[in-house]
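Numbering (my numbering), first residue to last: 13 to 197.
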């Protein structure tokens with residue numbers, strides 16, 4: 013697989029990104045999908061997954077195939093599943109019977125253990141540890157270095173801050189920090 017180019021905002025003055033030409037804006041997506049067939053969402057997820065989801069749905073709507081991209085320096089068990097449009101970065105590990113949804117970012121050094129489930133449109137940050145039988149609902153953000161205890165559930169749309177240790181289930185829409193105030197809804 014090779015990169016033909018990237019799309020940027022209509023008002024952008026960039027002509028290339030990391031050595032790849034800017035081919036146009038989102039308005040050009042249908043024409044480019046007709047020409048190339050595949051697309052990859054490279055928008056990150058910091059405050060909200062909304063922009064990443066919009067781009068993913070626009071690519072699907074334009075008929076694009078969204079490959080799962082796995083770094084050659086990552087390990088994904090042949091007994092795990094990883095959904096379309098998901099990025100598995102350097103040093104990440106996805107173990108047996110884990111299920112990772114669509115349009116997910118598993119950032120560098122992420123661990124997704126056996127029987128864990130990561131829902132669609134999640135971002136699991138650098139060095140996060142998702143232990144066995146954990147369930148992360150869709151649209152969640154798990155911060156760098158967070159550790160999720162075996163069997164916990166992270167509710168839809170929740171944010172777990174960097175360095176948090178999660179021992180109990182986290183309700184939908186929560187924001188968890190590493191401070192003594194553990195869960196804010």
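Where a beta carbon is used, it is the ideal one built from N, C-alpha and C, also for glycine.
Boundaries of the beta strand (DSSP E) harbouring residue 33: 32-36, taken from the DSSP string. Using a Cβ-Cβ distance cut-off of 8 Å, the stretch 160-174 and the stretch 69-82 are not in contact, since fewer than three pairs of beta carbons, one from each stretch, lie closer than that value. Going by DSSP, residue 41 is part of the alpha helix (DSSP H) stretching over 41-48.
In terms of CA proximity to residue 38, 54 leads the group 100, 54 and 107. Judged by DSSP secondary structure, residue 85 falls outside any alpha helix (DSSP H); it is assigned neither H nor E. Note: residue 28 is bridge-paired with 33 in the DSSP secondary-structure output. Two segments are said to touch when three or more pairs of C-beta atoms, one from each, lie closer than 8 Å; by this definition the stretch 170-177 touches the stretch 146-153. Annotation for residue 65: the continuous alpha helix (DSSP H) segment containing it runs 62-73. Shown here, residue 93 sits in a strand according to DSSP, grouped into three states.
Assignment of residue 164 by DSSP, reduced to helix, strand and coil, places it in the coil class.
In the three-state reduction of the DSSP assignment, residue 126 falls in the coil class, being assigned neither a helical nor a strand state. Separation of the CB atoms of residue 103 and residue 126 is rounded to 18 Å, and the pair is thereby denied contact status at 8 Å. With fewer than 16 other Cβ atoms inside 10 Å of its own Cβ, residue 14 counts as exposed. Here DSSP, grouped into helix, strand and coil, assigns residue 171 to strand.
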